[in-house]
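Position in the sequence shown counted from 1, then plus 110, gives you this note's numbering.
Here's the structure we're looking at; comments come further down.
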Amino acid sequence: MQIARTLPDLRSAIASLRKTHGHIAMVPTMGALHAGHQALVHAAVASGAGVVTSIFVNPTQFAAHEDLSRYPRDEAGDLAKLGASGCHLTWLPDVETMYPPGAATMIDVAGPASRWEGAARPGHFRGVATVCARLFGQAQTDKAYFGEKDWQQVQVVTRMVTDLLLPLEIVPIPTVREPDGLALSSRNRFLTPAERAEACVLYAQLRAAAAALAGGEAAEAVLARARAALAQHGFDVDYFTLVDGPSLEPLDRLQPNARLITAARLGTVRLLDNMAA
Ligand code: PAF
Numbered sequence: 111m112q113i114a115r116t117l118p119d120l121r122s123a124i125a126s127l128r129k130t131h132g133h134i135a136m137v138p139t140m141g142a143l144h145a146g147h148q149a150l151v152h153a154a155v156a157s158g159a160g161v162v163t164s165i166f167v168n169p170t171q172f173a174a175h176e177d178l179s180r181y182p183r184d185e186a187g188d189l190a191k192l193g194a195s196g197c198h199l200t201w202l203p204d205v206e207t208m209y210p211p212g213a214a215t216m217i218d219v220a221g222p223a224s225r226w227e228g229a230a231r232p233g234h235f236r237g238v239a240t241v242c243a244r245l246f247g248q249a250q251t252d253k254a255y256f257g258e259k260d261w262q263q264v265q266v267v268t269r270m271v272t273d274l275l276l277p278l279e280i281v282p283i284p285t286v287r288e289p290d291g292l293a294l295s296s297r298n299r300f301l302t303p304a305e306r307a308e309a310c311v312l313y314a315q316l317r318a319a320a321a322a323l324a325g326g327e328a329a330e331a332v333l334a335r336a337r338a339a340l341a342q343h344g345f346d347v348d349y350f351t352l353v354d355g356p357s358l359e360p361l362d363r364l365q366p367n368a369r370l371i372t373a374a375r376l377g378t379v380r381l382l383d384n385m386a387a
């Protein structure tokens with residue numbers, strides 16, 4: 111696996127990958143890689159593309175109350191995992207490369223970015239959209255792979271790509287879960303053993319809610335029951351709700367493309383999850 115730390119190195123590595131593979135697929139990450147990221151790399155490699163994974167802890171997507179320095183970093187471990195996953199190239203830009211002096215453009219997505227994580231983490235999606243646009247431009251990628259675990263992020267990036275006519279396809283990949291159902295996340299390492307044991311209840315409640323909705327129960331009652339069950343298990347529920355999948359607009363009843371989405375805190379750890387309803 112090749113490693114690029116400067117833009118000229120990235121461009122020449124991408125040019126040679128394009129010659130060999132015909133097209134490029136990107137997996138944008140902030141490192142702290144786990145099997146969920148590896149699933150994205152595997153899917154990208156299986157597509158036949160030359161695969162570039164970026165590792166960049168993006169300061170602009172951390173809201174004012176969030177601690178950037180607490181974000182886990184393990185470059186050597188990440189590179190080993192990427193090599194083992196069949197990734198062809200890792201892009202490791204520094205902050206000055208991503209945000210050079212004089213850079214003056216940030217991307218604000220409204221619509222799907224407005225609610226939920228957008229409300230809880232002011233400025234978060236502005237940072238995500240901007241860094242993704244810059245990464246796509248740097249790598250001139252034909253596809254970019256994102257995990258459905260961050261459902262709202264996938265919709266925001268897809269909206270941006272559509273609205274700005276960016277010449278790439280966003281490929282969503284299903285969430286990878288622990289055997290008890292907990293969605294893989296770099297935040298899980300911050301759970302205490304007792305919290306970890308409870309954390310699987312989040313997915314259990316999504317499944318129970320999806321089954322109740324499919325059985326014809328009213329959404330309001332189903333959602334209220336799930337929130338109460340989570341509170342009983344020690345979760346501080348930010349939202350557990352039913353939305354239109356692409357737009358993230360709230361729904362009061364089941365309809366095609368409906369999605370259950372949730373964010374809930376266990377101790378200091380804010381867990382996100384979602385599933386089709
Ligand atoms: O999901 C992430 O790890 C980040 O939000 C992303 C997409 C790499 C942008 O920094």
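We put the CB at the ideal spot given by N, CA and C, even for glycine.
Buried/exposed call for residue i, threshold 16 Cβ in 10 Å
i, result
"Arg337", "buried"
"Asn168", "buried"
"Thr302", "exposed"
"Thr200", "buried"
"Ala173", "exposed"
"Ala229", "exposed"
"Lys129", "exposed"
"Ala125", "exposed"
"Arg244", "buried"
Beta-carbon gap between residue i and residue j smaller than 9 Å
i, j, result
"Val137", "Leu127", "no"
"Gln171", "Pro222", "no"
"Ala123", "Val161", "no"
"Arg299", "Pro203", "no"
"Asp177", "Gly141", "no"
"Gly146", "Gly257", "yes"
"Ala318", "Ala293", "no"
Length of the line joining the Cα atoms of residue i and residue j
i, j, result
"Arg115", "Ala153", "24 Å"
"Pro210", "Arg297", "29 Å"
"Gly158", "Gln248", "20 Å"
"Ser179", "Ile217", "24 Å"
"Pro277", "Gln315", "38 Å"
"Asp260", "Gly325", "27 Å"
"Phe166", "Leu352", "32 Å"
"Ala373", "Gly237", "20 Å"
"Val155", "Ala194", "12 Å"
"Ser164", "Pro289", "28 Å"
"Thr365", "Pro282", "Sequence check: residue 365 is Gln here, not Thr. Their Cα atoms are separated by approximately 21 Å."
"Arg287", "Ile371", "16 Å"
"Val205", "Glu359", "34 Å"
"Asp273", "His131", "28 Å"
Sequence-distant residues of the same chain with beta carbon closer than 8 Å to residue i, five excluded per side
i, result
"Cys242", "Pro138, Ala254, Val267 and Met270"
"Leu361", "Ala329, Leu352, Val353, Asp354 and Ala368"
"Thr240", "Thr170, Thr215, Met216 and Ile217"
Residue of the options minimising C-alpha distance to residue i
i, options, result
"Tyr313", "Ala328, Leu301, Trp201 and Asn384", "Asn384"
"Leu376", "Leu117, Arg287, Thr285 and Cys310", "Cys310"
"Arg306", "Gly291, His175 and Ala318", "Gly291"
"Leu382", "Ser295, Pro356 and Ala341", "Ser295"
"Gln342", "Ile371, Ser357, Pro356 and Glu308", "Glu308"
"Gln250", "Ala387, Gln112 and His133", "His133"
"Met208", "Gln265, Arg231, Phe246 and Phe235", "Phe246"
Beta-carbon contacts of residue i that lie in its chain and below 7 Å, excluding the five residues immediately before and after
i, result
"Ala322", "Val332"
"Thr378", "Phe300"
"Pro284", "Glu258"
Same chain, Cβ closer than 6 Å to residue i, five either side skipped, listed in chain order
i, result
"Arg231", "Ala173"
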